[in-house]
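Participant: These protein sequence lines map, in sequence, to chains A and B.
Following my numbering, the residues of the first sequence are numbered contiguously, the last one being 115.
Following my numbering, the residues of the second sequence are numbered contiguously, the last one being 117.
Attaching a single structure in structure tokens format; questions to follow.
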Amino acid sequence: AQTVTQSQPEMSVQEAETVTLSCTYDTSESNYYLFWYKQPPSRQMILVIRQEAYKQQNATENRFSVNFQKAAKSFSLKISDSQLGDTAMYFCAFMTATNAGKSTFGDGTTLTVKP
Amino acid sequence: GAVVSQHPSRVICKSGTSVKIECRSLDFQATTMFWYRQFPKQSLMLMATSNEGSKATYEQGVEKDKFLINHASLTLSTLTVTSAHPEDSSFYICSAGGGRRANTEAFFGQGTRLTVV
Numbered sequence: 001a002q003t004v005t006q007s008q009p010e011m012s013v014q015e016a017e018t019v020t021l022s023c024t025y026d027t028s029e030s031n032y033y034l035f036w037y038k039q040p041p042s043r044q045m046i047l048v049i050r051q052e053a054y055k056q057q058n059a060t061e062n063r064f065s066v067n068f069q070k071a072a073k074s075f076s077l078k079i080s081d082s083q084l085g086d087t088a089m090y091f092c093a094f095m096t097a098t099n100a101g102k103s104t105f106g107d108g109t110t111l112t113v114k115p
Numbered sequence: 001g002a003v004v005s006q007h008p009s010r011v012i013c014k015s016g017t018s019v020k021i022e023c024r025s026l027d028f029q030a031t032t033m034f035w036y037r038q039f040p041k042q043s044l045m046l047m048a049t050s051n052e053g054s055k056a057t058y059e060q061g062v063e064k065d066k067f068l069i070n071h072a073s074l075t076l077s078t079l080t081v082t083s084a085h086p087e088d089s090s091f092y093i094c095s096a097g098g099g100r101r102a103n104t105e106a107f108f109g110q111g112t113r114l115t116v117v
């Protein structure tokens with residue numbers, strides 16, 4: 001079974017600064033995907049960034065980037081130039097290639113961006 | 001990305017009644033759909049996996065007679081909360097996977113906020 005751990009229940013950052021959210025996971029699978037989702041107060045799950053385990057290059061999406069350390073089973077999210085609209089709950093999630101769509105989530109990190 | 005529509009977004013029902021929530025994949029065929037439950041400020045917990053044309057697989061601790069899941073077609077799965085009680089009040093989210101469009105990513109519905117009074 002897979003597990004995903006987010007050790008930071010809450011974090012805050014000043015607007016325009018950079019923040020890093022931590023995530024570790026455990027699996028015996030070799031082919032899998034990792035995701036960061038944003039869940040604003042509307043509770044819609046919004047995909048922030050996605051990483052394929054077989055790719056060594058860290059994924060980036062505009063102000064969002066990840067630090068994927070496969071051997072350490074670590075997958076942190078860096079948000080640069082934080083904006084007020086980034087305030088939300090962030091979930092790290094894991095999905096195996098053999099069970100597409102079935103996601104295992106971490107407990108989440110509530111991020112507050114302060115003006 | 002692919003589009004998954006969940007309906008209704010909010011529902012209030014009386015204790016003892018049943019409520020049906022629909023999850024539709026609008027632009028792809030989802031061989032598998034997943035139902036999650038989320039309490040406030042908590043994570044999403046998988047309740048069951050729904051496969052088209054077969055019985056759903058429930059996670060440990062989830063009452064299959066209370067949470068009836070039907071996946072009658074490749075684009076529609078339904079979750080029926082039977083004989084609802086206040087403790088069933090929660091946020092329910094579906095996701096769809098499988099097929100060519102959704103084999104490397106899950107696509108989520110908007111969620112349904114259920115309140116049982």
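Backbone N, C-alpha and C define an ideal beta-carbon position, used for all residues, glycine too.
Just so we're clear, the structure is a prediction, and the values are computed from it rather than from any experiment.
Between which two residues does the beta strand (DSSP E) containing V19 of chain A stretch?
Facilitator: On the first sequence, position 19 is the one that residue 19 of chain A refers to. According to the DSSP assignment, V19 of chain A belongs to the beta strand (DSSP E) that extends over 19-21.
Participant: Counting Cβ pairs, one atom from each stretch, are 3 or more of them under 8 Å apart for the stretch 38-46 of chain A and the stretch 20-28 of chain B?
Facilitator: Output reads no: the stretch 20-28 of chain B does not touch the stretch 38-46 of chain A.
Participant: Is any beta-carbon of chain A found at less than 8 Å from that of G53 of chain B?
Facilitator: Within the second sequence, the letter at position 53 stands for residue 53 of chain B. No, G53 of chain B lies away from the interface with chain A (no Cβ there is under 8 Å from its Cβ).
Participant: Flag this pair as touching only if the stretch 2-22 of chain B and the stretch 106-115 of chain B have three or more C-beta atom pairs under 8 Å; answer yes or no.
Facilitator: yes
Participant: Using a Cβ cut-off of 8 Å (strictly closer), state whether K70 of chain A contacts chain B.
Facilitator: Against the first sequence, residue 70 of chain A aligns to sequence position 70. No, its Cβ sits nowhere closer than 8 Å to a Cβ of chain B.
Participant: Could you name each continuous beta strand (DSSP E) segment of 3 residues or more that falls completely within the stretch 31-95 of chain A, going from the start of the chain to the end?
Facilitator: 32-39, 46-52, 64-69, 74-79
Participant: Which residues, in chain order, does the stretch 67-88 of chain B contribute to contact with chain A at a C-beta distance below 8 Å?
Facilitator: Result list empty, no residue passes.
Participant: Anything in chain A within Cβ reach of E105 of chain B, meaning under 9 Å, just list it in chain order.
Facilitator: Mapped onto the second sequence, residue 105 of chain B falls at position 105. By Cβ distance, chain A contributes Y33, F35, L47, R50, M95, A100, G101.
Participant: Going along the stretch 23-47 of chain B in order, which residues come within less than 9 Å of chain A, judged by CB to CB distance?
Facilitator: Those residues of the stretch 23-47 of chain B that come within reach of chain A (Cβ to Cβ, closer than 9 Å) are A30, T31, T32, M33, F34, Y36, Q38, K41, Q42, S43, L44, M45, L46.
Participant: Quick one: is W84 of chain A buried, meaning 16 or more other Cβ sit within 10 Å of its Cβ, or exposed?
Facilitator: Looking up residue 84 of chain A in the first sequence gives position 84. Trp is not the amino acid found at residue 84 of chain A; the sequence shown has Leu there. Exposed, by the Cβ-count rule.
Participant: Using C-beta distances below 7 Å, list every residue in its chain close to E52 of chain A, excluding the 5 sequence neighbours before and after it, in chain order.
Facilitator: Stepping through the first sequence from its first residue, residue 52 of chain A is reached at position 52. Excluding residues within five positions, the ones whose Cβ falls inside 7 Å are Y33.
Participant: Looking at the structure shown, is E87 of chain B part of a helix, part of a strand, or coil, going by DSSP?
Facilitator: Translated into the one-based positions of the second sequence, residue 87 of chain B becomes position 87. In this structure, E87 of chain B counts as helix in the three-state DSSP scheme.
Participant: Within the continuous beta strand (DSSP E) that includes V113 of chain A, where are the two ends?
Facilitator: Sequence index remark: in the first sequence, residue 113 of chain A carries index 113 (1-based). Counting along the chain, the beta strand (DSSP E) containing V113 of chain A begins and ends at 109-114.
Participant: For the stretch 75-92 of chain B against the stretch 87-98 of chain A, do three or more pairs of beta-carbon atoms, one drawn from each stretch, fall closer than 8 Å, so that the two count as touching?
Facilitator: Result no; under three Cβ-Cβ pairs closer than 8 Å.
Participant: Tell me the rounded alpha-carbon separation between P40 of chain B and R50 of chain A.
Facilitator: For the purposes of this step, residue 40 of chain B is identified with residue 40 of the second sequence, where counting begins at 1. For the purposes of this step, residue 50 of chain A is identified with residue 50 of the first sequence, where counting begins at 1. Each residue's alpha carbon lies about 25 Å from the other.
Participant: May I ask which residues mark the beginning and end of the beta strand (DSSP E) holding T75 of chain B?
Facilitator: Position 75 of the second sequence, counted from the first residue, corresponds to residue 75 of chain B. No beta strand (DSSP E) contains T75 of chain B, which DSSP labels as neither H nor E.
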